[in-house]
Structures are given as C-alpha cells and as structure tokens.
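Residue numbers (our numbering), protein chains in the order written: chain L, 1 to 91; chain X, 1 to 395.
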C-alpha cells in the first residue's frame, strides 16, 4: 500500500452539524458557534467550524449544502482550514 | 458444555454513597465499598476471587484487596467496558482458567471536580486532539448532537421525539429512591418532567438540551460472576449469561461511517446468536443512555424497534412502568446516576431485576420490579464507538 499526498479541491458538503453553546479554551468566548462534519469531494470527512452561518438559526443550515475551504492564520506558521457554505440548498 | 450459560452473575452491589456525596469520594473508595458489599451479599470471600476485571483499575484493586488473580483484564474502551468484562469473564470461566470473576467500577465523576488533581488535557498526538478539538468540540454532547441532527435528517425524527426518552426514564427514576432525580427531596430539579421541560431546558449543544444529556455523578458498583457449580451453592439467585459479545466501529467520530448506526447491531446479533434468543424474546432492556439519542438508536440496532423508530418505544409508553418492554428501570444515566462510564450501573440493575431484588425499599419502591425473565443489556462507549451486549436470563 502506498500513501501519498494529493491536492484536494477544498470542496465538500455538510454531512451533519450542531451548534455549540458551551466550549473550553479559546472557543468558550465564541459560543454559540456551528460545528460540522464535512464530506470532502475526495471522499474523506473532516470536522470544522462553519463560517458565514447564523448560529441562532440552525434550521437555516442544510445537510448536503456545498462548502468551500478557507484557511485562517492562527499564527505565522499555522493556518487552520475552516469551511464556508457556498450554495445553501442541498442538491 | 456450551459457552452460553457457562457462568452466572451471582451478586451485584453499589458503593455506600453514590450520586452527589456530601464528602468527596475517591474512585478507589467507590470501588472498594461496592466490592465489599457484593462479597457480603454473596458470601463469596474476597480471597476466592481469582479473576479481576475493571476499566484500568485491576492492578490497584488486586493490590488493595490483597489477592493474586490468575486473570487480569483492564479493558477500558468507555462506558461499555463492563459489558465486555462480563463477556471476557464468561470466556475465562468457560476455559477453566478461573472460577470467580470480579467486575468492578468506581468513578468519582462528581467529586473529582472538588478534589482537583490532574487535568484532562488531550494527548497532542491523538487524532481527535488534532482533528476535532481545534474546532471547539468539547466532550460527548458536542459530538452526539451531530448524530441527532443526522438522525433527524435521515428519518424525519425531531428532538421532541427523543425528549420522550428523558420523560419516561424520569418516571422510572421516581420509583428508585437511590436515583439522583427521584424527587424534589433528592434534587431541586428531581421528580416527574414533561416534554416541554426537556425542550425548554438549557441548550448544551443544539439540538441537545440539558435534559437530553446524562448526569455526572459518583458511582461505584461491582458484580461477581461464577461457574455454575459455585453459582448454585450460594445464598443469592444466579442470573445466567446466555449471550455476550462486543464490537466497535470507530474511535473518533470522524471515522463513523453512518451517524445513525452503531456497532450494537453486530454485538447484538452475536449475543442473540449465542443465547439462541432474539429481540422478540426480550422482556426488559437496559440500554446505555448517555443521551436520549443513544438509548433510542441502540433500541433500533438491537432489533427492538425498526430503524428510525426507536424513540416510539418511549413515546408510545412501551418502555414505561407497566409497558410491554420496560427500559432503563433504574432511572438511567439520564436520571439515576452516571459517573462517566455507565456500564456497571446497567449490570447492577440487570442483576436486581432478573434475581427479583429490584424492589427492596433501598433500590426500588413499588412498581420498579418487573416480571422480566430475559434482559438485553447494551453498553455504548466513546463517541458511539464501542459496544458490549449481553443477553441475561433469570434462573
């Protein structure tokens, strides 16, 4: 079995999501926020915090909605991938 | 001799004070109190224990008890570990390696907060630490909520449907004087609750409100398991291990293929097969209820209800006192006790129900004892990750 790096498209769909009302560390200040599991176009699954969604209206978010990766700088060296909904309706 | 019924649970007991003890307890204390109680109950001396099973504590316990066991098992894969211990004990007794197995649990889920000590920081190299924690996932509720949303999406269920699990389980708690949520005397929020109470309680991880989630308490419990010759010679009533099996689907939720299914499907099927019994033969079910969702989904996996319809067992009253399939007769992790790893609580209640000792004024008041002769027990550990299933049969 050979393991290799591939460049992912950064696209995926929401598999499921939830809204966190309590969290620890740095996230505690950001509650409520929307976490999600994303099915990547390449087939793997990632956890994330959704960007550009309204945590006070979770029913406005759709399973199956299309998302796209966005990298946010956590430090000079570390960039963390988040996902933003790019197409609201599940198709 | 067959593996099925090659051993019996011959006693089950708990630590003296569980729930929210006045004075903080250590986990070891909770273990030892329960072990002492089950030894006294069965008349089996500590020195006769030759196999020891616990979620990580076995060497400390054997040392403290002053025994040199021939079989040492520390399987610790979450709250279902204790059902797996029973499985392993059955195998060890069947193989002739041991005669008497001790399965023990002690966990000061409540007192630990007051005693302080080591923090529970994650292992930086663990997949969950790297892939989930950076996104603010914090503990079981933050993950299980995602499974609820997926279940709602796939089967058209609602959080209100699952609220019935909490309401009915609380009914059982009102029959158990040891339950934290037994009444207003045991807890300011104790006593009966309604679906509206569940819906309107504090939001923890949408769509899970507080009353969809289990308690965090202290609990210690122990059971003894013995080969048939010994089981028949004791003053207690044996409860036979007719089927036992375990399975797992993942460790981290990231690797959970189907958020609406657990490995209880596989462990359940294997346990039924060993017992020569099926879901329709079960007269009682004790299903780990870390969350309302956990119990309802497990009922589906074990064939007690069709896929997507597990919640109906509670909503339609079947799981309630007097119903056709009583479920979580101790008041569950939701309303009785939940120390963090709930599997032992299930074993203790299963023993009490099937040995006819569920209603002694301490462990139950009128209406708690069922007529069940068969019971399915299912522990779920991790993030819907691991399962242990037992089919137990009354003598």
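Glycine included, C-beta positions come from ideal geometry on N, C-alpha and C.
Measuring alpha carbon to alpha carbon, tell me which residue in X:3, X:37, X:247, X:8 is nearest residue 448 (chain X). Given that chain X is displayed from residue 1 to residue 395, the structure contains no residue 448 (chain X) and the question cannot be resolved.
Identify whether residue 11 (chain L) lies in helix, strand or coil by the three-state DSSP scheme. Position 11 of the first chain, counting from 1, holds the residue named residue 11 (chain L). Note: residue 11 (chain L) maps to strand in three-state DSSP.
Hey, is the segment 5-21 of chain X in contact with the segment 167-182 of chain X, meaning 3+ C-beta pairs nearer than 8 Å? yes
For the beta strand (DSSP E) containing residue 301 (chain X), name the first residue and the last one. Within the second chain, numbered from 1, the residue matching residue 301 (chain X) stands at position 301. Per DSSP, residue 301 (chain X) belongs to no beta strand (DSSP E); it is in the alpha helix (DSSP H), 292-301.
Just mark residue 473 (chain X) as buried or exposed, buried being the case when its beta carbon has 16 or more other beta carbons within 10 Å. Beyond the ends of chain X as shown, which are 1 and 395, falls residue 473 (chain X); an answer cannot be given.
Could one say the Cβ of residue 77 (chain L) lies closer than 9 Å to chain X's Cβ atoms, at least one of them? To locate residue 77 (chain L), count along the first chain from 1; it is residue 77. Not one chain X Cβ lies under 9 Å of residue 77 (chain L).
Please confirm whether any heavy atom of the ligand NAD lies closer than 8 Å to the CB of residue 278 (chain X). This structure lacks the ligand NAD; in fact it carries no ligand of any kind.
Among X:223, X:273, X:379, whose alpha-carbon lies nearest the alpha-carbon of residue 296 (chain X)? Numbered from 1 along the second chain, position 296 holds the residue referred to as residue 296 (chain X). Residue X:379 is the option with its Cα nearest to residue 296 (chain X).
Have a look at residue 9 (chain X) and residue 158 (chain X) and give me their C-alpha separation to the nearest angstrom. The count along the second chain starts at 1 and reaches residue 9 (chain X) at position 9. The count along the second chain starts at 1 and reaches residue 158 (chain X) at position 158. Their backbone Cα atoms lie some 39 Å apart in a straight line.
Just the chain X side, please: which residues come within less than 9 Å of residue 80 (chain L) by C-beta, in chain order? Counting from 1 along the first chain, the entry for residue 80 (chain L) is found at position 80. The contacting residues are 134, 135.
Among residues of its own chain, excluding the 5 on either side of residue 119 (chain X), which ones have a beta-carbon nearer than 8 Å to its beta-carbon? If you number the second chain from 1, residue 119 (chain X) lands on position 119. Note that residue 119 (chain X) scores 43 on pLDDT, short of 50, meaning its location in the model is unreliable; the coordinates nonetheless yield the value given after this. So the list is empty, once near-sequence residues are dropped.
Proximity test, Cβ basis, 9 Å: residue 41 (chain L) and chain X: Walking along the first chain from the start, residue 41 (chain L) turns up at place 41. Judged by the 9 Å Cβ criterion, residue 41 (chain L) is not in contact with chain X.
Under 9 Å between the Cβ atoms of residue 57 (chain X) and residue 111 (chain X)? Translated into the one-based positions of the second chain, residue 57 (chain X) becomes position 57. Translated into the one-based positions of the second chain, residue 111 (chain X) becomes position 111. Cβ distance not < 9 Å, so residue 57 (chain X) and residue 111 (chain X) don't count as in contact.
If you measure from the beta carbon of residue 251 (chain X) to each beta carbon in chain L, is any gap under 9 Å? For the purposes of this step, residue 251 (chain X) is taken as residue 251 along the second chain, with counting starting at 1. Judged by the 9 Å Cβ criterion, residue 251 (chain X) is not in contact with chain L.
Run through chain L and tell me which residues come within less than 8 Å of residue 254 (chain X), C-beta to C-beta. Translated into the one-based positions of the second chain, residue 254 (chain X) becomes position 254. Per Cβ cutoff of 8 Å: 37, 45, 46, 47.
Buried/exposed call for residue 333 (chain X), threshold 16 Cβ in 10 Å: Position 333 of the second chain, counting from 1, holds the residue named residue 333 (chain X). Flag for residue 333 (chain X) reads buried.
What are the boundary residues of the beta strand (DSSP E) that includes residue 155 (chain X)? To locate residue 155 (chain X), count along the second chain from 1; it is residue 155. That residue, residue 155 (chain X), is in no beta strand (DSSP E); its alpha helix (DSSP H) goes 140-155.
Given a limit of 8 Å on CB to CB distance, which residues of the segment 69-85 of chain X reach chain L? none
Pick from X:174, X:164, X:390: whose alpha carbon is nearest that of residue 318 (chain X)? Residue numbering aside, residue 318 (chain X) sits at position 318 when the second chain is read from its first letter. The residue with the shortest Cα to Cα distance from residue 318 (chain X) is X:164.
Listed by chain order, chain L residues near residue 142 (chain X) by CB distance under 9 Å: The count along the second chain starts at 1 and reaches residue 142 (chain X) at position 142. What residue 142 (chain X) touches in chain L: 18, 20, 22, 23, 35.
Residue 259 (chain X) versus chain L: which residues are under 7 Å apart at the beta carbon? As a working mapping, residue 259 (chain X) is identified with position 259 in the second chain. Within chain L, the residues near residue 259 (chain X) are 16.
Would you say residue 212 (chain X) faces chain C, with C-beta separation under 9 Å as the test? Given the protein chain composition of this structure (L and X), no chain C is represented.
Residue 338 (chain X) in three-state terms, based on DSSP: Here residue 338 (chain X) refers to the residue found at position 338 of the second chain. Correct three-state label for residue 338 (chain X): coil.
DSSP-derived helix/strand/coil call for residue 121 (chain X): On the second chain, position 121 is the one that residue 121 (chain X) refers to. The predicted position of residue 121 (chain X) is uncertain, since its pLDDT is 49 and thus under 50; no value can be drawn from it.
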